[in-house]
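To convert, note that position 227 of the sequence shown is 227 in our numbering; the numbers rise steadily by one, no gaps.
Report on one structure; see the data block that follows.
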Amino acid sequence: MRKAGILLGAGLVAFVLIEVLLRWMQAPALDYYRKIKLLHVYHPDYFVALPANEDLYVKHHDGLWEGRFTTNSMGLRGSPEPDPSASKILCLGDSLVMGFGVSDDQTFCSRLQQYSSEGAFEQKYQFMNIGVDAFGSMGSALRIEDMVPRMKKVRAILFVISPNDFVMPETLAARGLEPDDIKDERRMNDPGYAFSFWLQFQLTRYSYALHAAKLAYENLLIKRSITENSLSMEIESAGLKGDDAPNWNRTLDYTISSFRGPVRDRCNYMKPAAKEAVECPEPVPPTVSCSDSPPPLSELEPLPEFTQKAYDRMIAYTKKHNVQLIPVILPVQVEELYCHNQGKYHPLGNYALRATDYFEKRGVRVMQLLPSAPSMCSPKHGIADHFIPGDGHLTDLGNRWAAQSIKERLDDMLRKGGL
């Protein structure tokens with residue numbers, strides 16, 4: 001017992017020292033994640049919300065983005081205090097809507113507010129951003145039920161459907177990532193899982209050491225998944241895996257190419273390449289495969305049952321309270337955009353077909369922004385410039401495009417209502 005007590009005491013001392021050291025060091029990478037953590041609080045119904053009256057300046061440790069992040073007394077990002085006399089439109093969704101990657105005034109919801117102030121719509125509205133990152137479909141449904149009663153004169157809700165709500169692209173699924181709806185269903189139906197989520201959420205919010213340990217563990221899992229996937233691809237490239245394995249010709253080519261690098265221009269390789277004007281429409285990258293047309297709806301799987309429950313809940317609640325629900329398909333997967341601008345289709349857009357079909361069969365019109373994709377291309381900017389590299393969230397330019405695309409359609413959607 002005495003030895004166990006000594007070991008326990010030594011462990012506690014080591015933990016305290018690590019905690020103090022991490023707080024004192026303020027390492028840029030950890031400081032970024034700490035600020036992101038402080039921008040979230042636990043919510044008993046939909047698990048994650050934003051704190052009230054917050055004001056932080058967040059700077060990504062790799063310089064991908066930086067910006068000011070503030071909330072009002074209701075915990076709404078970059079939003080004014082609700083005016084009881086003003087007709088309101090709520091922006092709802094995950095991190096894309098919340099505006100991860102830009103400052104308060106650069107989110108598309110804030111830009112819609114600026115448009116409204118300038119008289120761009122048939123009526124003046126107060127736009128309120130009720131989005132929170134990590135929301136799945138049910139989280140959004142519960143957020144509606146939480147926020148609508150707390151504000152007067154809510155006219156409509158712009159609900160941006162995330163591709164990752166109920167389906168995950170193969171590249172991300174290979175890293176062990178799951179759709180938000182699957183995680184939410186587990187939290188809501190498994191008390192043990194919900195308790196463990198609450199416990200780790202609170203502990204990592206208040207402890208640097210525990211937060212650093214959690215981040216390290218998650219990164220190890222991701223790196224392991226990436227390494228396993230890369231190793232599998234290398235083995236297949238070497239002709240040692242696949243339908244035709246073993247393929248010794250491929251093995252020989254792979255071995256030779258591994259020791260022979262590309263030939264460089266020894267005279268000009270140090271000169272920076274001049275940035276050429278963007279060709280519109282942009283050619284489809286060789287890594288992207290397009291199809292001529294979308295698949296028939298009959299060939300697509302129905303939405304997961306949990307997602308259907310969330311959508312039904314949204315529809316029923318908004319109809320009951322005379323609020324117009326406007327689902328928005330905002331394309332954020334570059335493969336889909338490249339293909340569309342060449343008159344083709346990419347299977348990553350299947351989520352939009354499935355969600356649109358579900359809502360429209362229930363009399364809810366869906367706002368489609370994909371037809372505005374050609375405007376992403378100009379002599380100065382291309383599709384990739386609208387997204388944070390390796391992150392996928394909208395840049396300032398991307399938020400401008402989203403706000404402009406919504407502005408062009410909003411009056412018509414409000415005027416016509418349902419189908």
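We put the CB at the ideal spot given by N, CA and C, even for glycine.
Since this is a predicted model, take the numbers as computed values, not measurements.
{"Query": "Are the Cβ atoms of P327 and A373 separated by less than 8 Å?", "Result": "no"}
{"Query": "Hey, how far is the Cα of L172 from the Cα of R354?", "Result": "20 Å"}
{"Query": "State the Cα-Cα distance for the pair P379 and G67, rounded to the nearest angstrom.", "Result": "27 Å"}
{"Query": "Roughly how many whole angstroms lie between the Cα atoms of Q431 and S207?", "Result": "This structure gives no information on residue 431, because the portion of the chain shown stretches from 1 to 419."}
{"Query": "Could you tell me if N129 is buried or exposed, where buried requires 16 or more neighbouring beta carbons within 10 angstroms of its beta carbon?", "Result": "buried"}
{"Query": "Compute the distance between the beta-carbons of N341 and E282, then report whether it is under 8 Å.", "Result": "yes"}
{"Query": "Straight-line CA distance for T356 to I329?", "Result": "8 Å"}
{"Query": "Alpha carbon to alpha carbon, what distance is there between L240 and A316?", "Result": "55 Å"}
{"Query": "Can you tell me the Cα-Cα spacing of A134 and L96, whole angstroms?", "Result": "10 Å"}
{"Query": "Taking C-alpha atoms, which residue in I89, L231, L64 and D312 lies nearest to Y32?", "Result": "L64"}
{"Query": "Spell out the partners DSSP gives K88 in its beta bridges.", "Result": "Q126 and V154"}
{"Query": "Do E335 and H346 have their CB atoms nearer than 8 Å?", "Result": "yes"}
{"Query": "For the alpha helix (DSSP H) containing G343, name the first residue and the last one.", "Result": "Run containing G343: none; DSSP gives neither H nor E here."}
{"Query": "So, does the stretch 392 to 409 touch the stretch 106 to 123, judging by three or more C-beta pairs under 8 Å?", "Result": "yes"}
{"Query": "Measuring straight from C-alpha to C-alpha, what distance separates A403 and K88?", "Result": "16 Å"}
{"Query": "In whole angstroms, what separates the C-alpha of R313 from that of M138?", "Result": "8 Å"}
{"Query": "Check whether the Cβ atoms of R187 and A194 lie closer than 8 Å to each other.", "Result": "yes"}
{"Query": "Assuming P191 is part of the alpha helix (DSSP H), what are its boundary residues?", "Result": "P191 to Y206"}
{"Query": "In whole angstroms, give me the CA-to-CA distance for G475 and K214.", "Result": "Any question about residue 475 goes unanswered here, given that the chain covers just 1 to 419."}
{"Query": "Spatial neighbours of N366 within its chain, please: CB distance less than 7 Å, with the 5 preceding and 5 following residues excluded, ordered by chain position.", "Result": "A quick correction: the sequence has Val, not Asn, at residue 366. The answer, listed in chain order, is P327, I329, T356, F359 and E360."}
{"Query": "Spell out a yes or no on whether the stretch 176 to 185 and the stretch 103 to 115 are touching, meaning 3 or more CB-CB pairs, one atom from each, closer than 8 Å.", "Result": "no"}
{"Query": "For L38 and L56, which I take to be in contact (beta-carbon distance under 8 Å), what is that distance rounded to the nearest angstrom?", "Result": "7 Å"}
{"Query": "The alpha helix (DSSP H) that contains Q113, what's its start and end?", "Result": "F108 to S117"}
{"Query": "Report the rounded CA-to-CA distance for I388 versus F69, giving the unit in angstroms.", "Result": "17 Å"}
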